[in-house]
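A.B. asks: Below is a structure I'd like to ask you about.
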Amino acid sequence: MDNMTRRVFAGAAALAALGVVTGAAAQQPVKIGVIYPLSGNSASAGNYSKMAIEVGADVVNNGNAELAKIMPIAKGGGLSGLGGAKIQLIFADNQGTPAAGQNQALRLISEEKVAAIIGAYQSGITVTASAIAERHGIPFLTAESVAANLTERGFKWFFRTTPVAIDFARAYSTFLREQKAAGQKVGSVALVHENTEYGNSVASVIAEQFAKDGLPVTQKIAYSANSSDVQPQVLQLKEKNPDVAIFISYTSDAILYTKTMKELGWKPAIMIADNAGFNDPAFVKSLGGSVEGLVNRSTFAGGKPGSVPELFNELYKKKTGGDSLDDVSARGLQGFLVMADAINRAGSTDPAKIRDALKATNLPASQMVTGYEGVKFDDKGQNILASTLITQMRGGQYVAIWPKDRATAQIVLPYKGW
Amino acid sequence: MTLVQVIVSGLLLGAVYALFSSGLTLIWGMMNVVNFAHGDFVMLGMYTAVVIWTALGGGPFAAVPAAAIVIATLGVLSYFLLVRHIMRGPMLAQILGTFGLALFLRYAAFWTFGADFKTLPDTLIGGSFTLGGIRFEGSRVLAGVGGLLITLLLHLILTRTSVGSRMLAVSEDATAAQLMGIRPQRMQALAWAMAGAATGIAGALIATFFYTSPTVGETLAILAFVTVSFGGFGSVLGALVAGLIIGVVESLSAYLIGPVYKDVVVYVLFVLVLWFRPQGLMGKA
Amino acid sequence: MKRYLFPGVVLVLAYPLLAAGYPVWERLGALVLLAAIGASAWNIVGGYAGQVSVGHAVFFGFGAYSAVVVYTHLGWPPIAGAPIGMLLSVAVAAVIGVPTLRLSGHYFSMATIAVAELVRVLSSTSEFLGGAQGLTGPAMPRTVFDLSFLSATPFYYIFLAVLAFLLGLTWWIERGRMGFYLRAIKDSERAARSLGVSAGRYKLYAYMLSGAFTSLAGSLYLCMFGFVDPESGFGILISVKMVVMAALGGAGQLFGPLVGALILVPLEELSNSYLGGRGAGLTFVVYGAIIVIIARFLPSGLLSLFERRSAKPAAKSEIASGHAD
Amino acid sequence: MLIDARNVTKAFGAFKAVDDASVTVEEGDILGLIGPNGAGKSTFFNCLTGDLPVTSGTVSFAGNDVTRLPPEARAKLGLARTFQVPLTFESMSVLDNATIGALLRHPNARDARARARDVLQRVGLGHLTDAPAKSLGTPGRKRLEIARALASEPKALLLDEAMAGLTPTEVREAIELVRRIHGGGITIVIVEHIMEVIVSLAQRVVVFHQGREIARGTPREVTSNPAVIEAYLGRRKVQHGAHL
Amino acid sequence: MTTLLRVDHLEVRYGDLIGVADVSLEVPAGSVVALLGSNGAGKTTTLNAIAGIATASQGTIEFGGENIAGQPAYAIVRKGLALSPEGWRLFTQQSVENNLLLGATPLADRKRIPRLLERVYAVFPRLAERRKQTAGTMSGGERQMLAVGRALMSEPKLLLLDEPSLGLAPTIVDAMYDSFAALHKDGQTILLAEQSVDLALEAADYAYVLQVGRTVLQGPANEMAGNPDVQKVYLGIE
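See the structure below:
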């Protein structure tokens, strides 16, 4: 029962963290609110992100010698800009509903008096939670929500570190055109996406981008999330047999697609997963062996020894008892580090000063946990240096294969599967 | 050929729907109770299988009977501690009580097992085979055939055995059943045990090809409700027929119209059935 | 019951003053009232007429979407969509009600679930409704009509006014011909029909009225939260919560849904606030257990505690003999 | 002719509960429908009120063909009834029960309530108006059903075993009540096992046995009819003769 | 003759309604006792109280020397007391034979079932013809036969019959009463509620007449047969 040990371990770590915070009461701790789906359908992602952020806070509060060589904030002893104030994380459960997300944002602001908020995973919930932060003048940073309209609302307190659909679409397009140049057949592309805010938005942006770039999308299959069965979809694919299939799915459906494709014995020459479910540690653990050679988009891909991603991943593994950081938890951690950096530079818990510091953020690629080229926000709060890696499943784990300058392995095609 | 494959996979899926609906319909038929926690019974059956199979290394032969026993016990406990008391109250009390039970079980599982998706290893029944150009996946065939067998078995127990006859007697007229020397509460508890066992087996079989998570019951519960009222509350055979119809309709509409619309087709069909046959396909008027 | 009324009204009116300076508590008051509006609207058909709809999210969603659609597509303040949503819901209630209200007991409940799920799936495929992404209300208030407030207190009084109107209307109906007829239908449809009550027609009226106010609750929800997607508009949990709230307090009683909301909403919010952050779903273990315990020991709802004990317990009287014909 | 039922048959599967029965009721009549248990009189009665659809035959009321009309439409035309097993509105007070009936002709609840109070007074439930209906025993419930039906101001009142389960004193009171109701100009059809009731009330009697009519006439005529006696007391050996 | 059943001052209430006010009776082992009275007199309530599906509020019911008042019906039938109830209360969704087999549930010796089935089919050949038919599709007369047959299947020491002739054609009534006579000869004890006075008195050794929940007349059957009071009680003519 690895879960049990993990739970016990996590509990002990939380208690220890609490002890440290109360012990060092010299300086008022800086409270950061974190809203995630800790129950409901997306709870798995939420709970992993929560642990990743806890690792981040631990590094900021207690230091890590290796990381300190690369990023100043990891020196330990809290936030130097605030006289060594520790960071205190206040987690809240959005229960997967926009209403709970907003209610909890208000609680964090008014009761917990947090200096800033990170959250809320699902775009719909980020909409409602960030609206409250905006009205109260509290900085709100989302590290995962990709809905395009989030940064189009004219908000002054809203920031987003994650790349969005258009970034992904460009990455796929460039990647595929490079493969075509290298002699791979990419004459037909199938888009399989769940009919949710995430699936629809990504799929339509990809379709548009591909049309622009002359990549033919010959099949678009939308399906309801949490399906009980995906055989008909796979049979449709099998019939048309496209060269490239891109799957935009959460975990439950990712598992079903993988199993069903294996059952029905169909695979495309290039199979691409748009992150999400195919990156879920639960998926990788149980089905990694059935998707050898799967091309995935991820902002996280291990990294070379001694690099920021690698060091954080080791810390994270220690906390979780073996699970690696994945795309979602790494992005969450990245968001937290950006926020911590900004508060440190602001030298104050005054929300306006934190916002100004966020606006002035300029972090280099070398300090990234994720594969971003750095963090720098535009006027709308979007991180203009956000970008994505393309990875491939090799022997049960994802390795970076694109772009070339950050690749740790060579691409192997066609898709092998099982 | 693809169409045949679609229909075959729909039939197999339908048999599974029938399997996880049979417990629900049995309880309804016996005592006019709709168990809103049914999906979560299935979910716990799945977890039992996962725990026995992987964590304890029991493999499939221990997992299926263990799930049956665990969920049967859960059913009997639910009957004595909750259902027995709320079935005397208004119908709303049933919704209130079993909905509360659903939340409790779902998040008790969450608390115990975490939010992760779990899947069973592919060993033993993971393979697939081809028969006349149609591909069959071992675990689905097992689940589909298991579904057919369990549903038929339940049907046979009810219609062909003396204990089934006694259960039906209690469900029709509990007072008259007492005149035959039958203790109604015992038969009702037995019905919960049987329904629980069928539901547990359903969970264990589904776990072989589906993912397991604390909220998976929600996905399955609505399907079970539709299957049961489609087939007619209380009719095990109705659930089987309805399950097969829904499975095939889903598969065909997903393939021919588009996966997003398969639920639309199923719900429209369901509403039409209720319009023309308010008691469901095989329900009693 | 009556002697609680006056202090109750005073407390309700003064609540925001007591909660002033505690935004979470101010908001909690508004949330209770909003939930009570939805549950009280459900109560008209589910409680008084005894037709247990588990698909009222259809109307809630129509209300929420009407509000956000008039903003998205016409640029109007969302609240302007409320009357449109109500009219639409009345029409939809007629369309759904005619076939489903013929069904009895659980079949009606299941049919309403199916219809709600159908609408949910359809809404997620509609471009006009923003598909699965949902639609967002005005991010920042343009005028006061956008009902975007920093504090929840204005919402509190708006919701209170609506709830007061709804309960007043319910009270008036309860006292009039329709109220008598609905309760008669619930007790014995056969006897009611023998006395000239067009049961089908009255059930439909109740369903339409109930739908209209559930829709209003949806519109108000949108004004407060500013976002709706298929799940938060048409999801089954929305329907079930209305039923559970009314049943918990006492279905078919004027203040039953309000009592249910008074218990459940704070329970949900506070347990989420104090337990939710630990991320282990403990919130719902507690929430579920409390519902089970109430259902087990008070199957007719909390208000049944206050029922006069003078009435002798109902003993099913059958005639000693002679009903075999 | 107020009620005219022609060739009414009602079958449940293979079992014909009512087999080709024709009965007419004149305005101002008190018609008794009698017969032993299982004779089909209640089934026939329910065909008149619309609670059961007929398998074949026609029913007309006050000149309207009501064969296909639902019970509520027949009630609006002035056909009121009581039930064999009382179907009181359990959650309501006695007064509210009667008010439901009164609302048919008095849509205003206040008027209806006043009317209901009158009727309750008339049937002798005046002292119980505020009591919960579920606190009443069977005699009270039967009386309440009559009050409820009367409150709807019917042309005809159909009583389905309104006396069963009452003590002799209660039966006498009930008979008095029905006489008073009839005196108020309401046509009465009464289904009854208890011969005493029929003898002292009915002007005409129709006797059912095994789904068919076996006799009709005045009470005195039918109680001396050998077929009726046999139906009631069972097969009579010839040597016993008829004592009636 | 020992007394198998003794009912003393039985009172049964349904809410406020008194179903039975004061009934006392005795059934000696091996005898057939008739319970007469018009509808509403309390015959059914008395039988139901004895069998345990109505609750006695006052009085005692002694069966084989043990007070069984207040015991649940399923326990009473196992002591050897079977009721063919008013309205038959058949399991209409099950076959004729299943109904009969359900009647044999209390039987300890399962091996006797085939012989008991045969006995019932011999008494009611109609049931044998329809053994596979669903009970709900049968006519009233057939239902009556099945109800009586079902009660016989537990081989009770005391058989309670609630209006067994109701709704039956005369020839069938004859056959059934012949079979009661045969059972009687075999030593079967029967308590018979009947409206059909002459039929009942012909079959019975002793009779009680109920009126409005009270025993008003009693005596040996042959004396009751000519008693004009019986008719008065029945037809309500004074």
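Note that the protein sequences, when read in sequence, are chains A, B, C, D and E.
Quick note on numbering: the first sequence equals residues 116 to 533 in this note's numbering.
Quick note on numbering: the second sequence equals residues 40 to 324 in this note's numbering.
Quick note on numbering: the third sequence equals residues 5 to 329 in this note's numbering.
Quick note on numbering: the fourth sequence equals residues 359 to 602 in this note's numbering.
Quick note on numbering: the fifth sequence equals residues 209 to 446 in this note's numbering.
Quick reminder that beta carbons are idealized off the backbone N, C-alpha and C, glycines included.
1) Excluding the 5 residues preceding and the 5 following threonine 210 of chain E in the sequence, name in chain order all residues of the same chain whose CB lies nearer than 6 Å to its CB.
2) For leucine 181 of chain B and tryptophan 67 of chain B, what's the separation of their Cα atoms in angstroms?
3) Count the other CB atoms within 10 Å of the CB of threonine 285 of chain B; is the residue buried (16 or more) or exposed (fewer)?
4) Considering valine 366 of chain D, what are the terminal residues of the beta strand (DSSP E) in which it resides?
5) Tell me whether tryptophan 517 of chain A sits in a helix, a strand or coil according to DSSP, three-state version.
6) So which residues on chain C does aspartate 454 of chain D lean against when the C-beta distance must stay under 7 Å?
7) My parser needs the alpha helix (DSSP H) runs of 4 or more residues fully inside the region 441–499 of chain D; what are they?
8) Return no unless some Cβ of chain C is closer than 8 Å to the Cβ of serine 260 of chain A.
9) Confirm, please, whether the CB-CB distance from lysine 419 of chain A to aspartate 358 of chain A is below 8 Å.
10) Alpha carbon to alpha carbon, how far is tyrosine 282 of chain E from leucine 213 of chain E?
11) Short check: CB of threonine 151 of chain B to CB of tyrosine 250 of chain B, under 8 Å?
12) Looking at the secondary structure, which residues open and close the alpha helix (DSSP H) in which leucine 308 of chain B lies?
13) Grouping DSSP H, G and I as helix and E and B as strand, with all else coil, what is histidine 217 of chain E?
14) Could you tell me which chain E residues have their CB closer than 8 Å to the CB of threonine 214 of chain B, listed as they occur along the chain?
15) Keeping to the same chain, check which residues put their C-beta closer than 8 Å to that of valine 109 of chain B; ignore five residues upstream and five downstream.
16) Please compile the residues from chain C whose C-beta is within a distance smaller than 7 Å of the C-beta of asparagine 411 of chain A.
17) Residues of chain A with CB closer than 7 Å to the CB of glutamine 137 of chain C, please, in chain order.
18) Rounding to the nearest angstrom, what Cα-Cα distance links valine 304 of chain A and threonine 366 of chain A in this structure?
19) Verify the contact flag: leucine 233 of chain E, CB atom, against every heavy atom of the ligand GDP, threshold strictly below 7 Å.
20) Taking Cβ positions, are alanine 363 of chain D and lysine 513 of chain D nearer each other than 8 Å?
21) Measuring CB atoms only, is the region 340–350 of chain E touching the region 229–246 of chain B, in the sense that at least three cross pairs come out at less than 8 Å?
22) Could you give the distance in angstroms between the alpha-carbon of alanine 53 of chain C and the alpha-carbon of leucine 186 of chain C?
23) Helix, strand or coil for lysine 434 of chain A per DSSP?
24) For my contact list, proline 364 of chain E and leucine 289 of chain E are in at a C-beta cut-off of 8 Å; report their separation, rounded to the angstrom.
25) Report yes if the C-beta distance between threonine 263 of chain E and glycine 278 of chain E is below 8 Å; otherwise report no.
26) In terms of DSSP beta bridges, what is serine 414 of chain D paired with?
27) Rounded to a whole number of angstroms, what is the C-alpha to C-alpha distance between glycine 171 of chain B and glycine 280 of chain C?
28) Quick one, which of A:Thr266, A:Ile188, A:Ile321 has its alpha-carbon nearest lysine 201 of chain A's?
29) In the DSSP assignment, the alpha helix (DSSP H) including asparagine 411 of chain A goes from what residue to what residue?
30) In angstroms, rounded to a whole number, what distance separates the CA positions of alanine 54 of chain B and isoleucine 46 of chain B?
31) Determine whether the beta carbon atoms of methionine 386 of chain A and tyrosine 513 of chain A lie at a separation below 8 Å.
32) With 8 Å as the threshold, decide whether the Cβ of aspartate 79 of chain B is near any Cβ in chain A.
33) Since I believe alanine 61 of chain C is in contact with alanine 97 of chain C (beta carbons under 8 Å), could you give me their beta-carbon distance rounded to a whole number of angstroms?
34) How many Å lie between leucine 409 of chain E and valine 356 of chain E at the Cα?
35) Is the beta carbon of threonine 243 of chain A less than 8 Å from the beta carbon of threonine 257 of chain A?
36) For a contact meaning CB atoms closer than 8 Å, what does glycine 155 of chain A contact in chain B?
C.D. replies: Taking the definition as stated:
1) Ala237
2) 27 Å
3) Here the sequence assigns isoleucine to residue 285 of chain B, which means threonine is not the residue at that position. With 16 or more other Cβ atoms within 10 Å, it is buried.
4) 361–370
5) strand
6) Phe184
7) 452–460, 467–481
8) no
9) no
10) 18 Å
11) no
12) 301–315
13) strand
14) Ile261, Ala281, Arg297
15) Leu83, Gly84, Thr87, Gly239
16) Simply none; closest approach about 23 Å.
17) Ala262, Glu312, Asn315, Ser316
18) 22 Å
19) Although the ligand GDP was asked about, the structure shown includes no ligands whatsoever.
20) no
21) no
22) 5 Å
23) helix
24) 6 Å
25) yes
26) D:Thr367
27) 54 Å
28) A:Ile188
29) It is not in any alpha helix (DSSP H) - asparagine 411 of chain A instead sits in the beta strand (DSSP E) that spans 410–413.
30) 12 Å
31) no
32) no
33) Alanine 97 of chain C to alanine 61 of chain C, Cβ: 13 Å. No contact.
34) 19 Å
35) no
36) Thr254
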